[in-house]
Every structure is written in structure tokens, then in C-alpha cells.
Amino acid sequence: MKTMLAASSLAITMTLGLAAPAAHAQVGAPLLDLTLYGQLERWLGAGPLDLRNIYTRETGHNSRDFHAAADGAGMTFTLLQVTNDFGQSWIVGGYNPQSWSSTDGWHETPRDWQRTAFIFNFTDARLWRQVQTDDILPNRGLRQTYNEPNHGPTFGAGPDLFVNDRLNAALSWQVSYGDGITEGTSIFDGSTGGQLFRVDALEVYSISLVPEPANTAMFIGGLGVLGWAAWRRRARAVPAGKAKMH
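In the working numbering, the protein residues as written are 188 to 433.
Structure, rendered in C-alpha cells:
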């Protein structure tokens with residue numbers, strides 16, 4: 188699979204040309220608006236989320252800038268705006284339940300309970316989760332993400348979602364995510380053949396779970412009970428004649 192990814196990167200370089208422009212600064216509003224925010228919460232299904240922007244592509248950035256910001260950050264959403272040669276654009280991305288890394292290579296997930304990542308096309312309201320082990324090819328969903336300094340965010344063995352080292356081009360070839368029927372198709376526009384799309388914007392958000400109000404109250408109440416119990420133990424340990432001493 189390293190060969191496949193290397194071939195993808197080489198194809199992008201050859202297609203765009205060695206003199207292709209570097210990534211440019213993003214213009215306009217952030218990709219993450221309230222509508223997308225709510226959809227990501229529903230797709231993840233873990234309750235309210237606190238999403239913090241930890242990376243936004245700037246002029247001249249490359250994959251190492253992405254990794255410098257995202258590596259070791261825990262769970263993240265990656266958001267992309269991609270555009271084809273006809274000017275049609277889509278907002279796509281993926282959920283990575285593990286930290287990105289520059290050195291780990293493949294993050295493999297042999298068990299179903301580990302296969303919690305997903306990729307999506309927000310524009311077309313489509314979601315593809317990792318293929319589970321009951322598939323006719325149980326290892327189809329094994330490879331969750333690829334982690335290497337000369338690759339941008341990369342999901343799946345296809346690669347199902349791949350951003351090149353210059354962070355200015357992407358492709359999608361479904362293998363590890365979906366239902367098997369969609370294998371070989373792009374999550375961008377449903378095409379086949381691994382066509383390249385221009386990356387107009389790239390953002391990464393860290394994910395924290397927001398405690399429910401009831402759970403927060405119970406937690407605070409629990410701290411109060413523990414504090415009261417500790418005070419009672421201290422009071423009992425002090426002789427009666429010294430109880431009022433400071």
C-alpha cells in the first residue's frame with residue numbers, strides 16, 4: 188500500500204507539474220459553520236462537541252505544517268473544500284479517532300470496535316464508515332489512516348481520501364470506507380479513476396466532548412459529598428479539646 192500511496196503522490200506531481208503553485212491562503216469564511224457543526228455532532232453521535240481549530244492552511248504551507256499542528260492532538264475532524272476542472276466545489280472530510288502522526292505509517296484497526304473513523308461529503312450529505320469485519324473481505328477496512336511526513340491527511344487504503352504534500356490537490360478512491368459497492372469511486376463526485384481535485388481550503392479541528400448539564404451537576408455534587416466525608420474524618424481525628432484550634 189505504500190507503493191499505491193507513493194504512486195498517487197507521484198501522479199499528482201506529474202499532473203500538476205513540478206512548478207505547480209504552492210498552497211495559497213484561504214479566503215472567505217471558515218468551512219465550519221453552524222450547520223456543518225451540527226451535522227458533525229450527529230454523525231459522530233457522542234453528544235455536544237467542543238471543536239477547536241488547530242490548523243488552517245496558509246500560503247506556502249505543506250504537509251509538514253499540517254503535521255506540526257495536528258500530530259498528537261487526539262480526535263480530529265479534517266475539512267476540505269475541493270473543486271474540479273468545471274468549477275464545481277464540495278466540502279468533504281473525515282473523522283480520525285486517533286492522533287495524526289508523522290512516523291506511524293498505517294494506523295491499522297483489526298477489530299470492529301476500533302473501526303470508528305468515517306469520511307464524508309457534506310455538500311451531498313453522504314457518509315462512509317470504515318468497512319467492518321463481516322464484509323466478504325474482512326481486511327478491507329483494516330487501514331484507517333496513513334501517517335507520514337510527506338503526505339497530508341490520508342484516510343484508507345484506496346486512498347479513500349488523500350491530500351498531497353503541497354496541500355493543494357486531493358483524490359479519492361474508496362476501499363476501506365463504504366459498503367464495498369462504492370469501491371473505486373470518489374467521495375467528491377462519485378466518479379471513478381481517481382481524478383484530481385484542487386484543494387481550495389483545508390482545516391483541522393480537535394474534538395472534545397462537552398459534559399451534559401446533569402452529568403456536570405452530579406460531578407459537582409459528588410465532589411461536595413467527598414469533601415464533606417473528608418471533613419468528617421478530619422473532625423473525628425482531632426481531640427475534642429483541640430477542635431477549635433487553628
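Cβ atoms here follow ideal geometry from the backbone N, Cα and C, with glycine treated the same way.
Just so you know, these numbers come straight off a predicted model, no measurement behind them.
Is the region 355-373 close to the region 313-320, with three or more CB pairs under 8 Å?
-> yes
Where does G377 land, buried or exposed, given buried means 16+ other C-beta within 10 angstroms?
-> exposed
Pull up the distance between the alpha-carbon of D299 and that of N283, whole angstroms please.
-> 15 Å
contact_flag[the region 389-398, the region 248-263] where n(CB pairs < 8 Å) is 3 or more | yes
Opposing strand residues paired with P263 [DSSP bridges] = Sequence inspection shows Thr at residue 263; the Pro mentioned does not correspond to that position. Beta-bridge pairing links T263 to N283 and S393.
Counting along the chain, where does the beta strand (DSSP E) carrying Y333 start and finish?
-> R330 to N334
Specify, as a first and last residue, the run of the beta strand (DSSP E) that Y242 falls within.
-> L236 to T243
What's the gap between the Cα of S288 and the Cα of D272?
-> 32 Å
Nearest candidate by alpha-carbon position, reference F309, set D291, L267 and G215 | L267
C-alpha gap between Y242 and L223, whole angstroms = 17 Å
Which residues DSSP lists as bridging A388, in chain order = Q268
Classify Q331 as buried or exposed, calling it buried when 16 or more other Cβ atoms lie within 10 Å of its own Cβ.
-> buried
Of the residues R327, L314 and A233, the one placed nearest P398, counting alpha carbons only = A233
My understanding is that I374 touches R313, with C-beta atoms under 8 Å, so please give their C-beta distance in whole angstroms.
-> 7 Å
Every unbroken beta strand (DSSP E) inside the region 304-374 [3 residues or more] = 305-308, 313-316, 330-334, 348-350 and 356-358
Bounding residues of the alpha helix (DSSP H) (the contiguous stretch that carries H225) | Note on residue identity: the sequence assigns Gly, not His, to residue 225. Note, G225: alpha helix (DSSP H), L221 to L231.
DSSP state of H294, grouped into three classes?
-> strand
Which class does D258 belong to by DSSP, given the choice of helix, strand or coil?
-> strand
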